[in-house]
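Undergrad: Below you'll find the structure I mean.
In UniProt numbering, the protein residues as written are 1 to 360.
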């Protein structure tokens, strides 16, 4: 029998979200129903509400989640009822050209559930990032469930998006290694996770850049060795001064704006690497002198989900947390209910929280 549950729905561009009845079907072949225990409030959910991703309203928001598998459909052997899982939006296919070449983190044919979840009147919902987890139960492709050791779901769920995106931007995409200098522009949840990743990888100098003194203080807590307040000084000049006049080996842009991307481009050393992990909106454009692109060498990369492989990376990061080597708890600013998501968006925009986490 289908499940009737409560979930957070965005019905129109910019309109306040509301808690509504959601009908979740029984899992079909290759699908799983997950009872959601916790889900982080990510800036991408706000992008969905604002129409910055697409216009396929109504959206069932939420995607940064952990919970317990309730039921599975035919042919599912990745997980079983009772498994504690972190949800991911990159369920790799194992068959496309990227997967066959041994690069499944670039999979070109990732899976979501085939059946839609619906409102009580039958209207099909578009689940955020193919998940939709601001809801008591959600339907996903079984490959979107990564089994991990059972820990606090409020911290485990953060691996499902923001923390993984940031750590992966440093470790997987940026290739940060021992002794590197790293600058991170934008010190929200993803940027701070990039700082954590750089520290785990053994970076020698980690420079946090933001316009908010509060966020720079958070960045120090996560391992930044230096801070630059972009509201007060020239970012490029400051980063170069802190790196012997050269620029950083790796610059991670975690804002997703043309002006901060340009700062990242010029704040890197010759042959250095720029990693874009901040999410831009569709209309944004960046212009750079082609001669500078050629003459500076190095690499300009984008990091989509931290180039992660959930089956490899999620269990490893949960283990690091359990060992006390990864401060996931530090990302949780508050624990809230489903009815508090709209105000959580407002606090996020005001820069008052790293992560609000919905507890179910």
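We put the beta carbon where it would ideally sit given N, CA and C, even for glycine. For clarity, every value in this text was computed on a predicted model and none was experimentally measured.
Is it the case that the stretch 217-229 contacts the stretch 196-207, given that we only count it when at least three CB pairs across the two stretches are under 8 Å?
TA: Because the criterion of three Cβ pairs below 8 Å is met, the stretch 196-207 and the stretch 217-229 touch.
Undergrad: Under the DSSP definition of a beta bridge, which residues are partnered with residue 3?
TA: Residue 3 pairs with 24.
Undergrad: Can at least three beta-carbon pairs, one atom from the stretch 151-166 and one from the stretch 327-342, be found at a separation below 8 Å?
TA: Flag = yes, the stretch 151-166 and the stretch 327-342 touch.
Undergrad: Considering only their Cβ atoms, is the gap separating residue 193 from residue 244 smaller than 8 Å?
TA: No.
Undergrad: Going by beta-carbon coordinates alone, are residue 273 and residue 136 separated by less than 8 Å?
TA: Cβ distance not < 8 Å, so residue 273 and residue 136 don't count as in contact.
Undergrad: Out of 180, 92, 37, 127, which has the shortest C-alpha to C-alpha gap to residue 86?
TA: It is 37.
Undergrad: Considering only residues of the same chain and omitting the five flanking positions on each side of residue 48, which have a CB-CB separation below 7 Å?
TA: For residue 48, where only same-chain residues beyond five positions count, the Cβ hits under 7 Å are 10, 59, 61, 128.
Undergrad: Return yes when the Cβ of residue 145 is within less than 8 Å of the Cβ of residue 32, no when it is not.
TA: Going by C-beta atoms, residue 32 is nearer than 8 Å to residue 145.
Undergrad: At what residues does the beta strand (DSSP E) containing residue 139 begin and finish?
TA: Its beta strand (DSSP E) spans residues 137-141.
Undergrad: DSSP state of residue 123, grouped into three classes?
TA: The answer is coil: DSSP assigns residue 123 none of H, G, I, E or B.
Undergrad: Which whole runs of the beta strand (DSSP E) in the stretch 134-192 are 3 residues long or more, in chain order?
TA: Fully enclosed beta strand (DSSP E) runs of 3 or longer: 137-141, 145-147, 181-185.
Undergrad: Pull up the distance between the alpha-carbon of residue 178 and that of residue 201, whole angstroms please.
TA: Approximately 6 Å, taken between the alpha carbons.
Undergrad: Within this structure, are the beta carbons of residue 99 and residue 111 separated by less than 8 Å?
TA: Not in contact: residue 99 and residue 111 (Cβ atoms no closer than 8 Å).
Undergrad: Contact defined as beta carbons within less than 8 Å: I believe residue 210 pairs with residue 230. What is the distance between those atoms, to the nearest angstrom?
TA: Rounded, the Cβ-Cβ distance is 6 Å, consistent with contact.
Undergrad: Assess contact between the stretch 332-351 and the stretch 307-319, defined as three or more Cβ pairs (one per stretch) separated by less than 8 Å. Is contact present?
TA: Because the criterion of three Cβ pairs below 8 Å is not met, the stretch 332-351 and the stretch 307-319 do not touch.
Undergrad: Is residue 228 near residue 239, with beta carbons less than 8 Å apart?
TA: For residue 228 and residue 239, yes; Cβs fall inside 8 Å.
Undergrad: Could you pull the start and end residues of the beta strand (DSSP E) that residue 272 belongs to?
TA: Per DSSP, residue 272 belongs to the beta strand (DSSP E) from 268-276.
Undergrad: Return helix, strand or coil for residue 50, following the three-state DSSP convention.
TA: DSSP places residue 50 in coil when its eight states are reduced to three.
Undergrad: Quick one: what's got a C-beta closer than 8 Å to residue 6's C-beta in the same chain, skipping five residues either side?
TA: If we look at residue 6 and ignore the five residues flanking it on each side, its Cβ neighbours are 19, 20, 21, 22, 135, 136, 338.
Undergrad: In angstroms, rounded to a whole number, what distance separates the CA positions of residue 96 and residue 108?
TA: Between residue 96 and residue 108, the C-alpha separation is close to 6 Å.
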